[in-house]
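Take the sequence shown: its position 134, counting from 1, is numbered 137 in this note's numbering, and each next residue is one higher.
Backbone N, C-alpha and C define an ideal beta-carbon position, used for all residues, glycine too.
Just so we're clear, the structure is a prediction, and the values are computed from it rather than from any experiment.
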Amino acid sequence: MAIANQCALQAVHIVGSANHTADFLSRVGNPHHEYSLDPAVLQEVFQDWGHPEVDLFANRTNTKAPLYCTRARWDPHSLGDAFLLSWSKGLFYAFPPVPLLQKVLNKIQADNCHCILVTPFWPRMLWFQQLLSMSGGRIRHLPMSPNLVEGCLPVGELDRLKLTAWLCTLTP
């Protein structure tokens, strides 16, 4: 469109103090993606499959592992963006936002990762067969309870999710 209208574009940095709205929005996470599982339910999963070293989608207050990743640039305790980290060594835990599931599965496959992954049980989704193959049938349906998910989920969303834990490894 710029070419068609013969416009020249130039990127310019605007100091955050001079651009309050954009600065605020770049630092605030999507509240619909700020959630975590009930620690008691997760401990049962960890007892069966092992305790992960890194929580790939967390923050300082909801991490389920000693180390965690978050995209929040102001968190000095985070390992940073999970997708920029190698997932090839150790056991990882991930409860990612649904829109990132395919990207997470691709990363697990690319890094030959060993990961406890929590997802909705949605057999009709394109990523479901890949997940089934990667888990080798190591699956655990999580119990429905009002306290299963902590954080911000839209009303009625929990019933639709049918959350499931998968132990994903590419080597048997």
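Linking LEU166 to HIS117 through their CA atoms gives a straight-line distance of about 19 Å.
Uninterrupted beta strand (DSSP E) stretches at least 3 residues long and entirely within the stretch 39-118 occur at 94-97, given in chain order. The DSSP assignment places complete beta strand (DSSP E) segments of no fewer than 3 residues inside the stretch 120-145 at 142-144, in order along the chain.
Of GLN50, PRO102, PHE49 and TYR96, the smallest CA-CA separation from CYS72 is found for TYR96. Here LEU40 really is in contact with VAL121; their C-beta atoms are around 6 Å apart, less than 8 Å. LEU151 sits in coil when the DSSP states are folded into three classes, being neither helix nor strand. TRP125 has its alpha-carbon roughly 11 Å from the corresponding atom of LEU135.
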